[in-house]
Amino acid sequence: MFSFIRQWTDQFLGRGDAAITIPVMDGALKQNRDLDEAQVVGKLDKLEDLVSTSAGLLAAAGPDLFIHHQGQWDLLKTFDQPITAMACLTGTQGQSQKLAVALGGREVKVFELPLKPLNAQDPWTAVATLDAVVGKGLTSINALAFGDEGQLFLTDGSREVDYADWCRDLMSLGKTGRLIQWHYATGQSRVLKDKRRYAFGVLVRGDKLLFSESWAHRLVDKDGKNVVDSLVGYPSRLSPASDGGFWLTCFVCRSQLVEFVLREKAYRTRMLAEIDPRYWIAPMLSSGKDFLEPLQGAGVKSMGVLKPWAPPRSYGLVMKFSPSGQLVSSMHSLVDGRFHGITSAVEHQGSLFVASKGSGHVLKVVLTTPGVAK
Amino acid sequence: MSETLTRWRYRYWPDHWIGEILSKRWTETAIPMILLVGVVIASGQLLPNFYSAIVLSDTLRQAGEVGFVVLGLSLVMMVGGIDLSVGSMFALSNFCALMMMHVYKFSLLETLIGTLFCGAVLGGINGFLIGYLRLRAFLTTLITLIIFRSLYEILSLRYSTAIAGNLPDSEGWDFLGNGNFLVLPTVAWIFIVCAIFGHVLLTRMRVGWHVMAIGGSRRSAYNSGIAVRRTVALSYVVCGVLTAAGGCFFASRLATAGADIGIGMEILVLTAAVLGGISLGGGRGSVMKAILGTLIVLLITNGLTSMSASGGVTRMVLATILISAAAIDVRWLKNRHRIISKVYVSPAYQSFDPAPSCAENSGSPWAVNNKLRAVELIGLGRIEAPEDVILDRDNHLYAGSRHGDIIRFFAPDYQQMEVFAHIGGQPLGLAFDREWNLNVCIGGMGLYRVTPKGEVQRVTDETNRSWSSINDDSRLRLADDLDIADDGRIFFSEATTRYEMHEWPVDGLEARGNGRIVCYDPRNGSTQTVLRGLRFPNGICIASDRQSILFAETWGVCIKRYWFDGPRKGQVEMVVDNLPGYPDNINSSSDGHYWLALVGMRAPAYDLALRMPGFRRRMAKRVPIDEWLFPNINTGCVLKFSEKGEILETLWDLGGENHPMITSMREHRGYLYLGGIQNNRIGRYKLPEGSCDPEYAQYESRWGAA
Chain A
1 MFSFIRQWTD
11 QFLGRGDAAI
21 TIPVMDGALK
31 QNRDLDEAQV
41 VGKLDKLEDL
51 VSTSAGLLAA
61 AGPDLFIHHQ
71 GQWDLLKTFD
81 QPITAMACLT
91 GTQGQSQKLA
101 VALGGREVKV
111 FELPLKPLNA
121 QDPWTAVATL
131 DAVVGKGLTS
141 INALAFGDEG
151 QLFLTDGSRE
161 VDYADWCRDL
171 MSLGKTGRLI
181 QWHYATGQSR
191 VLKDKRRYAF
201 GVLVRGDKLL
211 FSESWAHRLV
221 DKDGKNVVDS
231 LVGYPSRLSP
241 ASDGGFWLTC
251 FVCRSQLVEF
261 VLREKAYRTR
271 MLAEIDPRYW
281 IAPMLSSGKD
291 FLEPLQGAGV
301 KSMGVLKPWA
311 PPRSYGLVMK
321 FSPSGQLVSS
331 MHSLVDGRFH
341 GITSAVEHQG
351 SLFVASKGSG
361 HVLKVVLTTP
371 GVAK
Chain B
1001 MSETLTRWRY
1011 RYWPDHWIGE
1021 ILSKRWTETA
1031 IPMILLVGVV
1041 IASGQLLPNF
1051 YSAIVLSDTL
1061 RQAGEVGFVV
1071 LGLSLVMMVG
1081 GIDLSVGSMF
1091 ALSNFCALMM
1101 MHVYKFSLLE
1111 TLIGTLFCGA
1121 VLGGINGFLI
1131 GYLRLRAFLT
1141 TLITLIIFRS
1151 LYEILSLRYS
1161 TAIAGNLPDS
1171 EGWDFLGNGN
1181 FLVLPTVAWI
1191 FIVCAIFGHV
1201 LLTRMRVGWH
1211 VMAIGGSRRS
1221 AYNSGIAVRR
1231 TVALSYVVCG
1241 VLTAAGGCFF
1251 ASRLATAGAD
1261 IGIGMEILVL
1271 TAAVLGGISL
1281 GGGRGSVMKA
1291 ILGTLIVLLI
1301 TNGLTSMSAS
1311 GGVTRMVLAT
1321 ILISAAAIDV
1331 RWLKNRHRII
1341 SKVYVSPAYQ
1351 SFDPAPSCAE
1361 NSGSPWAVNN
1371 KLRAVELIGL
1381 GRIEAPEDVI
1391 LDRDNHLYAG
1401 SRHGDIIRFF
1411 APDYQQMEVF
1421 AHIGGQPLGL
1431 AFDREWNLNV
1441 CIGGMGLYRV
1451 TPKGEVQRVT
1461 DETNRSWSSI
1471 NDDSRLRLAD
1481 DLDIADDGRI
1491 FFSEATTRYE
1501 MHEWPVDGLE
1511 ARGNGRIVCY
1521 DPRNGSTQTV
1531 LRGLRFPNGI
1541 CIASDRQSIL
1551 FAETWGVCIK
1561 RYWFDGPRKG
1571 QVEMVVDNLP
1581 GYPDNINSSS
1591 DGHYWLALVG
1601 MRAPAYDLAL
1611 RMPGFRRRMA
1621 KRVPIDEWLF
1631 PNINTGCVLK
1641 FSEKGEILET
1651 LWDLGGENHP
1661 MITSMREHRG
1671 YLYLGGIQNN
1681 RIGRYKLPEG
1691 SCDPEYAQYE
1701 SRWGAA
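Heads up: the sequence lines are chains A and B, in that order.
In case it helps, the working numbering puts the first sequence at residues 1 to 374.
In case it helps, the working numbering puts the second sequence at residues 1001 to 1706.
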């Protein structure tokens, strides 16, 4: 009873859960242009994910898998479905590497990579395939991470919408994300965490496991405990850093208007039903190209200038966390920048490679010490 | 179904009235007024004979006496002080009047003057101590309360038998106390006269303004040269005189010098003043509030007495009222602006058909292109916010800037510029009249004229006040575009009467017809509103028949035509409906058609929000304005339309890379000059050969032909 009244007054006065406050970008999140000023190492249409292997850096773009080789992106393999996630298990000396690939969000395959340099002619054989867990199909697998002893961890963003349709899940307050554990060697699989507000990104750190719960703006461990919360954006994939910390990308950022719309059921329902998804009041991977998109107050160009700190419809953000889980630094592409919608950041040979899905660019940031851009 | 209900609800229920009423100063008086009506009704119900002539007249007599005292205390409170000694002063002046009348047998006039003088002296003591010696009002008057009371007790003990033993023989004295004049008791008449004078004094005269200024901020009043000490001292003197007047009437009515006279009166009077809405903090109050407070308190105490409540209960009730009124006073003063700002914005319902497609391959005249990408830029970085542009006979280019200047760029290359005139407000629409005076709409100021020599003259800054409007809409708030009829009448639009210029997004959020079209007639110097209830009217342009104007309704996404002369005089007709963007200025083109600037484009999410006023209202409350959903004004276009309403062609700069926003355009000798209120440049687009008359200049052909 009391909580009901509380809820009602909160809603009426815009307090508590109805408050639309979002964290500000200061401290370690102080805005910079590191991503905008980074070196562009390629433009790949439908760029999705990056993975570092001992044979080179791999990039998934649509159904195509590319390898970065002498400044070029060579096509390695084309799948029948778009690649929605990748992970690589670097073998110890003399052992072969394993590459896990999620296809169309509905299927995961583990390949054993040959030891010699990779090239397009080699036939690849899948050592294991997963398309259902406890009898129910996968829907939008968006991140993979190898554990030890033949385990693979998967995050399934939503059981209701396809991976490409993530925005609908956000705007309809989706809460069907899952964290899945799969013993690909034995074929056994189980759901570790259920009813998550979009699980997106998983990282194994020794015996600990971390996954991001995007719509809840937080990172959670295996026991469901918050490791990091109140993020400024919607977190996506995680990757290990060479100093024992980890990298986290935010593929879209939060804005007060979106937070407000998320609390306005009537408007949201009609918007989802009546308006083209491109023109929703919702975060996007890229923006500003079409005048039918909604505009926010500070987004009005004044004297020909778009304010870099205008409310972000799309944004580029990579965050670096220390081994103890503290946010220590960040790299940005501001609202007036080009490289928005960052879905992946991986360390590879002393540099950080960043996939900007919004613009389709792969960026390279040379690191002096782990986490610090040169 | 539910949308129909929403539409009706927002069409017939005037939400915007609430905020407008609340922002009126008189609402603070309205609340005690309502309370008084309630108390009167309740008294009528509970008390027998409440409405009988005797009871009413008795109540009025008391009210007159107490009213004088409340008036005095209110004055002191308005100047930022307090006077607790009014009860004792009341008793002393009562005693003084009785002594003079009964014992010394003075004449009526002598008694009156003497008593009032006595009050002035008592008040003068307070005034001297507080005004000149700067003692604390509360402590000082608490002490004078005790001193005056002791004095009264000593004197009344000694003389009360003498007073009771002698009865004066004066008809005037009796008339003062018990007489009636035209139904009402004498005291009520005199009080009314005093109250009217007090009202005029406080609201219309210098001394009254000084009192309010000191109460509002003593230091500022001092700094602006007001004689603070003298005014404060004088207000205590006036308080003493008014109290003495009350005492005088009391003496003439009851002729008693009992020991309990005036005891506890300060609480009664203070409650009346605070309940009426006279702020304890000073600087706020009115005579009307004092009267209302007096009546309420008196009716309550009388009612309690006649229901045989004990004095303790009555005082308890008074104290409760005082403390709650004081609490409300403090909270209201603190939160008034916050409450008003929360309820003032009141979005209306607005529904449009889906906008026509502007897709590149749509094949319609709307299809986007990049013709404006290559415009030449004039004054890039040197001019800010040229909302409108205009060219004169010598091809010089004029534009407003947000610094309040009219800037002139010199032909032929427009590289050199000068400040042609400084006006002070943001210049918006521009038009030349027959004498080549530049007529300018200035946001926040009104309609101005700049002569060819650069002299600035005010044309008009107010129009007739409309009866149906709660806000005073006589002052022009946002005049934004104009054109001039052949007979010299200037028609100009005022975009909104509810907001200031920089608040235009709030008006857009409301999407109500807050704007109007106003006509200035130079023949008799009058200014009249000709059309009202328009949704951000803009872009006035005389049509080809010279008897009508075309105007755009920005938030109404349409162009309309209004006839000011001829057989269709007074009629309004839709010309273009359901534009895909927000129309701004309209100007004629060389081929007999019209140019229109679309300042921004309609986004589907915003169109949906327009159909959900509750959503917009909550957004206005919860979300900071920088984060609001806005009409998309980062991309716009220029288009040509015919008088029949056909869209002939559109010119775009997609993404606004070269010329980000367009609020106006002017065709002049084969070029189209582009202005934009958020721009730091003026665009110049060469119209393709053959599509225009290369010699055409709008105002030359206008005044040449007229």
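Cβ coordinates follow ideal geometry from the N, Cα and C atoms, glycine included.
Bear in mind that the values here come from a model prediction, so they are computed numbers and not experimental data.
Compute the Euclidean distance between the alpha carbons of Val110/A and Ala128/A, then round it to the nearest angstrom.
In the first sequence, residue 110/A corresponds to position 110, counting from 1. In the first sequence, residue 128/A corresponds to position 128, counting from 1. Cα atoms of Val110/A and Ala128/A: separation of roughly 5 Å, rounded to the nearest angstrom.
Suppose the cutoff is 6 Å on Cβ atoms and the five residues either side in sequence are ignored; what does the same chain contact list for Glu1266/B look like?
The residue labelled residue 1266/B in the question sits at position 266 within the second sequence. Closer than 6 Å at the Cβ level, and outside the excluded window around Glu1266/B, lie Leu1084, Val1086 and Gly1087.
So if I threshold CB-CB distances at 8 Å, which residues from the segment 256-277 of chain A count as touching chain B?
Gln256, Leu257, Phe260, Glu264, Ala266, Tyr267, Arg270, Met271, Glu274, Ile275 and Asp276
Closest by C-alpha distance to Asn32/A, when choosing among Ser330/A, Gly42/A and Asp165/A:
On the first sequence, position 32 is the one that residue 32/A refers to. Looking at the Cα atoms, Ser330/A is the closest of the given residues.
Helix, strand or coil for Ser236/A, going by three-state DSSP, please let me know.
The residue labelled residue 236/A in the question sits at position 236 within the first sequence. In this structure, Ser236/A counts as strand in the three-state DSSP scheme.
What number of angstroms, rounded off, separates the C-alpha of Ala1543/B from the C-alpha of Ile1625/B?
Position 543 of the second sequence, counted from the first residue, corresponds to residue 1543/B. Position 625 of the second sequence, counted from the first residue, corresponds to residue 1625/B. Roughly 38 Å between the two C-alpha positions.
Short CB-CB distance (under 8 Å) between Phe1615/B and chain A:
Translated into positions along the second sequence, residue 1615/B becomes position 615. Yes, Phe1615/B counts as interfacial toward chain A.
I'd like to know whether the C-beta atoms of Thr1294/B and Thr1305/B end up nearer to each other than 8 Å.
Along the second sequence, one-based indexing puts residue 1294/B at 294. Along the second sequence, one-based indexing puts residue 1305/B at 305. The answer is no: Cβ separation not under 8 Å.
Simplified DSSP assignment, three categories, for Val1330/B
Residue 1330/B sits at position 330 when you count from the first residue of the second sequence. Here Val1330/B sits in helix by DSSP.
Specify, as a first and last residue, the run of the beta strand (DSSP E) that Trp215/A falls within.
As a first step, residue 215/A must be located in the first sequence, where it is residue number 215. Unbroken run through Trp215/A: none, as it is neither H nor E.
Quick check on the burial criterion: 16 or more other C-beta atoms within 10 angstroms. Buried or exposed for Thr1231/B?
Against the second sequence, residue 1231/B aligns to sequence position 231. Thr1231/B comes out buried.
Can the beta-carbon of Thr249/A be found closer than 8 Å to that of Val335/A?
Working through the first sequence from its first residue, we reach residue 249/A at position 249. Working through the first sequence from its first residue, we reach residue 335/A at position 335. It is not a contact, given that the beta carbons lie outside the stated cut-off.
For Lys1569/B and Asp1545/B, what's the separation of their Cα atoms in angstroms?
Within the second sequence, the letter at position 569 stands for residue 1569/B. Within the second sequence, the letter at position 545 stands for residue 1545/B. Going from the Cα of Lys1569/B to the Cα of Asp1545/B covers about 12 Å.
With three or more beta-carbon pairs closer than 8 Å as the criterion, would you say the segment 41-55 of chain A touches the segment 353-364 of chain A?
With the cut-off at 8 Å, the segment 41-55 of chain A and the segment 353-364 of chain A touch.
So, does the segment 1176-1195 of chain B touch the segment 1045-1052 of chain B, judging by three or more C-beta pairs under 8 Å?
Touching, no.
What did DSSP end up calling Arg1561/B once you bin it into helix, strand or coil?
By one-based count along the second sequence, residue 1561/B stands at place 561. Three-state DSSP puts Arg1561/B in a strand.
Please decide whether Gln1678/B counts as near chain A, where near means a Cβ-Cβ distance under 8 Å.
Locating residue 1678/B in the second sequence gives position 678, where the first residue counts as 1. Yes, contact with chain A.
Terminal residues of the beta strand (DSSP E) in which Val365/A lies
Along the first sequence, one-based indexing puts residue 365/A at 365. Here the beta strand (DSSP E) through Val365/A covers His361 to Val366.
Looking at chain A, is there any beta carbon in it that lies within less than 8 Å of the beta carbon of Asn1538/B?
As a first step, residue 1538/B must be located in the second sequence, where it is residue number 538. Not one chain A Cβ lies under 8 Å of Asn1538/B.
Which of helix, strand or coil does DSSP assign to Ser333/A?
For the purposes of this step, residue 333/A is identified with residue 333 of the first sequence, where counting begins at 1. Three-state DSSP puts Ser333/A in a strand.
Using alpha carbons as the reference points, say which of Asn1437/B, Met1307/B and Asp1388/B lies closest to Gly1708/B.
The question about residue 1708/B has no answer, for chain B in this structure spans 1001 to 1706.
Is Lys374/A close to chain B, meaning its C-beta is less than 8 Å from at least one C-beta of that chain?
What you label residue 374/A is simply residue 374 of the first sequence in a count that begins at 1. Residue confidence for Lys374/A is low, a pLDDT of 49 falling below 50, so the modelled location carries little weight; the figure read from the coordinates is stated next. Chain B, which has no Cβ nearer than 8 Å to the Cβ of Lys374/A, makes this no.
Within 8 Å (strictly less), CB to CB, does Gln31/A reach chain B?
Residue mapping note: residue 31/A aligns to position 31 of the first sequence, counting from 1. Taking Cβ atoms only, chain B never reaches closer than 8 Å to Gln31/A, which makes this a no.
Would a check of beta-carbon distances place Met86/A closer than 8 Å to chain B?
On the first sequence, residue 86/A is found 86 positions in, with the first residue counted as 1. No, Met86/A lies away from the interface with chain B (no Cβ there is under 8 Å from its Cβ).
Note down, in chain order, each residue of its chain lying with its Cβ closer than 8 Å to the Cβ of Lys374/A, except the 5 sequence neighbours on either side.
Counting from 1 along the first sequence, the entry for residue 374/A is found at position 374. With a pLDDT of 49 at Lys374/A, under the threshold of 50, the modelled position of this residue cannot be trusted, and the question is left open.
Classify Pro1604/B: buried if its beta carbon has 16 or more other beta carbons within 10 angstroms, exposed otherwise.
Indexing the second sequence from 1 puts residue 1604/B at position 604. The residue in question, Pro1604/B, is buried, as its Cβ has 16 or more Cβ neighbours within 10 Å.
Please list the partners that Val300/A has in chain B, where partner means a Cβ-to-Cβ separation under 8 Å.
As a working note, residue 300/A is residue 300 in the first sequence. Here the neighbours are Phe1630, Ile1633, Asn1634 and Gln1678.
Tell me where the beta strand (DSSP E) around Met1417/B begins and ends.
The sequence position of residue 1417/B within the second sequence is 417, counting from 1. Where Met1417/B is concerned, the enclosing beta strand (DSSP E) stretches over Met1417 to His1422.
Taking the alpha-carbon positions, what's the Arg1449/B to Asp1480/B distance?
Taking the first residue of the second sequence as 1, we reach residue 1449/B at position 449. Taking the first residue of the second sequence as 1, we reach residue 1480/B at position 480. As the crow flies, the alpha-carbon of Arg1449/B is around 14 Å from that of Asp1480/B.
So which residues of chain A does Arg1622/B contact, with C-beta pairs closer than 9 Å?
Stepping through the second sequence from its first residue, residue 1622/B is reached at position 622. Going along chain A in sequence order, the residues near Arg1622/B (Cβ under 9 Å) are Gly14, Ala18, Ala19, Ile20, Gln256, Phe260 and Arg263.
Below-8 Å beta-carbon distance, Gly358/A vs any chain B residue:
In the first sequence, the residue the question calls residue 358/A occupies position 358. Output row for Gly358/A: interface = no.
Quick check on Val261/A: buried or exposed, where buried means 16 or more other Cβ atoms within 10 Å of its Cβ?
For this step, residue 261/A is matched to residue 261 along the first sequence. Looking at its Cβ environment, which holds 16 or more other Cβ atoms inside 10 Å, Val261/A is buried.
List in chain order: all unbroken alpha helix (DSSP H) runs of 4+ residues lying wholly within the segment 1557-1615 of chain B.
1604-1610
Give the DSSP bridge partners of Asn1180/B, in chain order.
Indexing the second sequence from 1 puts residue 1180/B at position 180. Asn1180/B is bridged to Pro1185/B.
Secondary structure of Lys374/A, DSSP reduced to three states:
For the purposes of this step, residue 374/A is identified with residue 374 of the first sequence, where counting begins at 1. Note that Lys374/A scores 49 on pLDDT, short of 50, meaning its location in the model is unreliable; the coordinates nonetheless yield the value given after this. In this structure, Lys374/A counts as coil in the three-state DSSP scheme.
Can you round the beta-carbon distance between Leu1391/B and Tyr1673/B to whole angstroms, since I take them to be within the 8 Å contact cut?
In the second sequence, the residue the question calls residue 1391/B occupies position 391. In the second sequence, the residue the question calls residue 1673/B occupies position 673. Right, their Cβ atoms sit about 7 Å apart.
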